[in-house]
Every structure is written in structure tokens, then in C-alpha cells.
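Heads up: the structure comes next, in C-alpha cells.
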Amino acid sequence: MKNSPVIVYSKPNCMQCNFTKKFLEDKGIPYKVKDIEENEQAVDEVKSLGFSSLPVVIAEGLEAFHGFRPDLLNRLA
């Protein structure tokens, strides 16, 4: 597992966001959520990364990606 926590840009009622967070929890991978509905800066961060859909995941050793991607999330375990 990587030393830096994973960052998950998320919003309420986002099915893929929930799948991503549950996957990380089940694998014991620490993560931090940045809710775009509560944090205007998080919206700007997502846009600056070139994404327009959620979740967006940032993790050390991986290129930022969006969507529920167990294939990439498994690399963090």
C-alpha cells in the first residue's frame, strides 16, 4: 500500500463514487473524500485535472482516473 492517502472526488448519490469508496474500505486502503457539492475548490481541482465526471481518483503511483475502476484500484492494495 502507498504511504499517501488516496483522494476520491465524490458527490452524494453517485453510484460509482460509492462503489469506489466501498472497494477501498474493503481492501483497507486509506482515502480522503473531497465532496464537490460541499467544496467549491474541489470542483475546480476536478476541472483542472481535465475531468467532468465522478468519481475522480488520485493516488501516488497512478495517473488520475475517473469512474469505478477495480483494475486500477487493485494496484493500491
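Counting in numbering that gives the first Met the number 0, the sequence shown runs from 0 upward without gaps.
Ideal Cβ positions, reconstructed from N, Cα and C, are used throughout, including at glycine.
| task | Can you give me the start and stop residues for the alpha helix (DSSP H) that glutamate 39 sits inside? | result | 39-47
| task | Could you tell me which residues DSSP pairs with leucine 23 in its beta bridges? | result | Per DSSP, none; premise fails for leucine 23.
| field | As assigned by DSSP and simplified to three states, the class of phenylalanine 18 | value | helix
| task | Pick helix, strand or coil for leucine 53, following the three-state DSSP scheme. | result | coil
| query | What residue from Asn38, Val5, Ser9 and Lys10 has the CA that sits closest to leucine 23's CA? | reply | Val5
| request: Please state if the CB of cysteine 16 and the CB of leucine 75 are separated by a distance shorter than 8 Å. | output: no
| query | Less than 8 Å separating the beta-carbons of lysine 20 and valine 7? | reply | yes
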